[in-house]
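Chemist: Sequence lines, in order, name chains F and C. According to numbering that gives the first Met the number 0, the residues represented by the first sequence are 0 to 796, in order. According to numbering that gives the first Met the number 0, the residues represented by the second sequence are 0 to 174, in order. Cβ atoms here follow ideal geometry from the backbone N, Cα and C, with glycine treated the same way. Treat the numbers as computed from the prediction; the structure is a model and nothing was measured.
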Amino acid sequence: MSTRQFGARVERNVDPKLLRGEGAFVDDIPLPDALHVAFLRSPHGRAQIVSIDTSAAKRHPGVAAVFTSDDIGALDVEMPLLIPHPSMKNPKTQRPLARGDVYYVGQTVAMVVAVDRYTAEDAAALIEVEYAPLSLEMDLAKALTDDAPLVHADVPNNLAAHFIQTSGDPDDAFARAEHVTKITVQVDRSTAAPMECRAVAARWDAVSGELTVWDGTQAPISVRGGLASVFELDEDKVRVIAPDVGGGFGQKVLLFYPDELLVPMAAMRLGRPVKYIEDRRENFLGSSQERTQIHTIELAALRTGEVIGLRDFFLHDTGAFIPYGIAVAQVASTSIAGPYRIPNIFVEFKAVYTPTVQVTPYRGCGRPQACFAIERAMDQLAEELGLDRFEIRRRNLIAENQFPYERDGLLFADGLKVTLDSGQYGKALAMAAAELGAENFAAEQAKARAEGRYLGLGLACYVEGTGLGPYEGGHVKIHPITGKVYVNTGLSTQGQGHDTVFAQIVADQLGVSPQDVIVVEGDTKAFDWGVATFASRAAVVSGNAIHKTALTVRKKVIEAAANMLDVDPDQIELRDSAAWVKGSNRFAPLAAIATASNPLRYAFNKAAQAATQFAPASKHDGPPLADGQAPGLEATDYYSPSRSTWAYGVHGAIIEVDPGLCTVKIRKYVCIHDCGNMINPMIVEGQVLGGIAQGIGGALYEHLDYQADGNLANASLMDFLVPYATEIPNVSILHLETPTPLNPLGVKGVGEAGCIAVGAVVASGVEDALRPFGALKFHQVPLSPNMISHALEQVGY
Amino acid sequence: MARTMKAAIPDRSADAEVDVSMTVNGEAVSRSVSVRMLLSDFLRHELGLTGTHVGCEHGVCGCCTVLLNGRAGRSCLTLAVQANGYDIRTIESVAAADGTLHPVQQAFKECHGLQCGYCTPGMVMNIVARFEEPGKLDLSDEGIRDLLSGNLCRCTGYLNIIAAVRRAAELLGRA
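Now the structure itself:
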């Protein structure tokens, strides 16, 4: 195996299993005698609970137990605030089951455990709850006013957090400005909508005292720590398994959702396995959402178009609780200047409580909102200064010789100063222009207009801080029987192809095929140091940890093989699952080397015979394992990034708008993308394409339609419009590979990249397409046919 | 946690039951099940065929697609009792007995047509059904999008699935 695997389009190891229907998602795991959970959820946005009567539900045939906040003992407390931050004065988190008050439609009020889900739902409907509805305010800006109804009685003005960051001297920049442009833009609330909703199952083994929890989570190790803490169990007695997980996109990184605590509790109390499989409606009502932000952004520019200052003030909707701290707003505020130099920045946000389900990161995590704000502002500035949209960006992009480019005073989500580490921003923009045919577009546009068709060019640049710490680990072990390589890390996978990209990294070091590298993650019994899968960090943090570990194992293999083959270590090369003496036919298979590295008493195969005590080659000049020596070919190591590494890209599109039907059709979509060295370009493209599709959803279709009374009017996939294949255009992706200097593999994250720029591209393109009708403005996404119709009406069309 | 006495827990609901018989992946099966049991739950939990997934339970996402008498249908909108007497095929029947992938599955693997794999069985069943219909396949961009228009995928952005359909047509000599 001399071909380099890093960088190759290796097909995925996991695919055959998933394609044959042999995946093991939480609800696929057989749990004999399992009981099933259904929740009673609040029908009110804000109300007091006057009384709850569960007697009829308890009597219902097939019901094992009914729980309210009165019945859950020590669990009846507010769940953890995961990321504390001084900008939050009185941070609120939710109780597993409502006590006294409900704060959003869908909040869990009672839990029924029954023989099957059908029965549990029937019984939930028999629970009588009397509510006293309270007034509420759904509008973000109004919620901050003095006379607005409060979500939490002790949080004035519904102000959850207030934070200001400054870089450089923005006041001076605005004083020096020759032109200032200002716009207000809005991104609406959406949801990750993973195809598999959330799911939790638990089994309590009273004999061994072990709690096993299967959880479709992005953070199994963190969930394990939390459960051990809540249930006061030794960590070793709690095993959390995130088996195959059907998409996550951030929604599944939050812990805890109420069910993640209540299901294990019920399993322990009832002595039977218990399962909760969230249904689609519950996923809309009870699982985290994101995106609503309203930015008012000002750019201070010179007449040349050079932007010397930026001021941004935004409102961030955090829902009724703020368990994930200010992460989303902080990422937005630190991404606000995009790939541009803009040396003077003032960015302020207010996070606002609204009577809705909590807001925590959804793929993009504040970046799409920041990108929408800065890119729409750049378009407006270009228009006001009479500059081309490509040209104004060209004049402001950070140049290659300016890296690392620091933004003093802006702290990213890792608590460290924003430092854009590397890139070829100008080249990416030029590639986008070429791929879009920007030079000839004006002629094409004119020709189309003459035929009564309205084409527009949309454009946006983005940056993405990736690879957040604190750390991840890797464990690599060569199996003595099969010679296959086992690799573990502390993440879980929701379809990103970890098992293949990590295998590629290891394969190169150990001279094996990626198919012979078996990656096991998402199980705290396999590896239990680490954090979670989020923030486009798996390849960066676990990838480098596994790389470092593989280097150590490589060294061990070479030393052991040199010993066995009686040559100097530098005469050994690793390929085809064996160690070879260079330039000869002499070799030792990895399995044999691994076996020989483990002093044996019992011989169970031919290779093992050579490792037993009485074998001729056996060592007799001291103990079989010298002091400090470990058996086998195995190592564990960790990687902790010094800071985040910043990926970037440029997206563009040719968009056609039908002013009669107010429809938007993307004729051509171009993505120039740079995530540093690509471990597997096929998988990178898959991540980017998936992100773009979600971005198109967010740009045109996906809008959570909350009513003034707090009810979500479109809590189903029938009404919340996730794009089908029919809505997704062909996309051309071109790669740049600028290795980051920050980690050994030179990789940056890619998970969120695709979705960030799409809203800005679409709005930019629609504006351009409709220019013959006047200077119509599109400052809000999703950009609906109604908005186009309204804008056209304004100009008398 | 101290060991406590095992609670008395019911083991069945009060639902009326009905006998159902059908052929599933070539085998005759008979069970007595709740009258309101969905076909998806019957396949998954009564028969252990968990490859059929459930993504929305309202017939929109297509994850639960199985073949009913050769036609693609939503098992989450079908009661088990409605399938009485039917010939049902699920994702578990698609690959060869030795695990060799069907050309549609092989094409998904080659084209990176899946990520999390949750929607994939439904996608594959829908495509297999269409490929088994006689007549010419419309393998244009629009034609394939139309073929896939009853199945949601949240990971891939569909383009690799479109490529997989085209590749499957090649592998099956239908291109």
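By a C-beta neighbour count over all protein chains shown, 10 Å radius and 16 as the cutoff for buried, is GLN693(F) buried or exposed?
Modeler: buried
Chemist: Just to confirm before moving on: does the CB-CB distance between PHE719(F) and PHE283(F) stay below 8 Å?
Modeler: yes
Chemist: Just list the residues that DSSP pairs ALA578(F) with in beta bridges.
Modeler: DSSP, once it has assigned bridges, lists LEU573(F), ALA587(F) as partnering ALA578(F).
Chemist: Determine the direct distance from the alpha carbon of PHE440(F) to that of TYR796(F), and round the result to whole angstroms.
Modeler: In a straight line, the C-alpha of TYR796(F) is about 25 Å away from that of PHE440(F).
Chemist: Assign GLU450(F) to buried or exposed, taking buried as 16 or more other Cβ atoms, counted over all protein chains shown, within 10 Å of its Cβ.
Modeler: exposed
Chemist: Do three or more CB pairs link the stretch 743–752 of chain F to the stretch 656–663 of chain F at distances below 8 Å?
Modeler: no
Chemist: If you follow the alpha helix (DSSP H) that LYS181(F) is part of, which residue opens it and which one closes it?
Modeler: Segment 178–186 is the beta strand (DSSP E) holding LYS181(F); no alpha helix (DSSP H) there.
Chemist: Please return the same chain residues whose Cβ sits closer than 8 Å to the Cβ of ASP10(C), not counting the five positions on each side in sequence.
Modeler: none
Chemist: Under 8 Å, do VAL237(F) and ALA227(F) count as touching if we go by C-beta distance?
Modeler: yes
Chemist: Go through its chain and collect everything with a Cβ distance to LEU410(F)'s Cβ below 8 Å, but skip five positions before and after it.
Modeler: Counting only Cβ-Cβ distances below 8 Å, and skipping sequence neighbours, we find GLN164, GLN329, THR333, LYS416, VAL417.
Chemist: Would you be able to state if there are at least three C-beta pairs under 8 Å between the stretch 314–323 of chain F and the stretch 198–214 of chain F?
Modeler: At 8 Å Cβ cutoff, the stretches do not touch.
Chemist: In the DSSP assignment, find the unbroken alpha helix (DSSP H) run with TYR117(F) in it and report its ends.
Modeler: 116–123
Chemist: Beta-carbon within less than 6 Å of GLY468(F)'s beta-carbon, same chain only, minus the 5 sequence neighbours each way: which residues are those?
Modeler: The residues are ASP413, SER639, PRO640.
Chemist: Please check the pair GLY422(F) and ARG393(F), which I expect to be a contact at CB under 8 Å, by giving their CB distance rounded to whole angstroms.
Modeler: Cβ atoms of GLY422(F) and ARG393(F) stay farther apart than 8 Å, at about 14 Å.
Chemist: Please list the partners that GLY72(C) has in chain F, where partner means a Cβ-to-Cβ separation under 8 Å.
Modeler: Going along chain F, no residue has its Cβ under 8 Å from GLY72(C), so there is no contact; the nearest lies around 17 Å.
Chemist: Thinking C-alpha only, which one of LEU260(F), ASN395(F), PHE5(F), ASP387(F) is nearest ALA432(F)?
Modeler: ASP387(F)
Chemist: In three-state DSSP terms, what is GLN444(F)?
Modeler: helix
Chemist: Here's a check: name, in chain order, each residue in its chain whose Cβ is nearer than 6 Å to the Cβ of TYR470(F), leaving out the five neighbours to either side.
Modeler: Within the same chain, and ignoring the five residues on either side of TYR470(F) in sequence, the residues whose Cβ sits closer than 6 Å to its Cβ are TYR637, SER639.
Chemist: In its own chain, which residues sit with a C-beta less than 8 Å from the C-beta of GLU16(C), not counting the 5 before and 5 after it?
Modeler: SER31, VAL32, SER33, VAL34
Chemist: Output the residue ranges of the beta strand (DSSP E) runs that lie fully inside the stretch 247–288 of chain F and measure 3 residues or longer, sorted by chain position.
Modeler: 273–276
Chemist: Would you kindly work out how many angstroms separate the C-alpha atoms of PHE313(F) and LEU384(F), rounded to a whole number?
Modeler: 25 Å
Chemist: Is the Cβ-Cβ distance between GLU91(C) and GLY20(F) less than 8 Å?
Modeler: yes
Chemist: Residues in its own chain within less than 8 Å of HIS111(C) by CB, not counting five upstream and five downstream?
Modeler: THR155, ASN159
Chemist: By the three-class DSSP mapping on this structure, what secondary structure does ASN742(F) have?
Modeler: coil
Chemist: Helix, strand or coil for ILE727(F), going by three-state DSSP, please let me know.
Modeler: coil
Chemist: Would you mind reading off the limits of the alpha helix (DSSP H) that contains SER332(F)?
Modeler: 326–333
Chemist: Can ALA593(F) and GLY631(F) be called in contact, C-beta distance under 8 Å?
Modeler: Less than 8 Å divides the Cβ of ALA593(F) from the Cβ of GLY631(F).
Chemist: Cβ of PHE255(F) less than 8 Å from any chain C Cβ?
Modeler: no
Chemist: Below 8 Å CB to CB, which residues in the same chain sit around PHE24(F) once its five sequence neighbours on both sides are set aside?
Modeler: GLU195, ALA198, GLY215, PRO242, ASP243, VAL244, GLY245
Chemist: Going by the beta-carbon positions, is the gap between LEU125(F) and ALA109(F) smaller than 8 Å?
Modeler: no
Chemist: Can you name, in chain order, every residue of its own chain whose Cβ lies under 6 Å from the Cβ of PHE501(F), other than the five neighbours on each side?
Modeler: VAL486, VAL518, ILE545
Chemist: What's the C-alpha gap between VAL13(F) and ALA218(F)?
Modeler: 20 Å
Chemist: Does the distance from the C-beta atom of LEU135(F) to that of ILE293(F) stay below 8 Å?
Modeler: no
Chemist: Over what stretch of residues does the alpha helix (DSSP H) that includes ARG393(F) continue unbroken?
Modeler: 388–393
Chemist: For ASP153(F), list the residues DSSP reports as bridge partners.
Modeler: Answer is none; ASP153(F) lacks a bridge partner.
Chemist: Per DSSP, what kind of secondary structure is MET137(F) in: helix, strand or coil?
Modeler: coil
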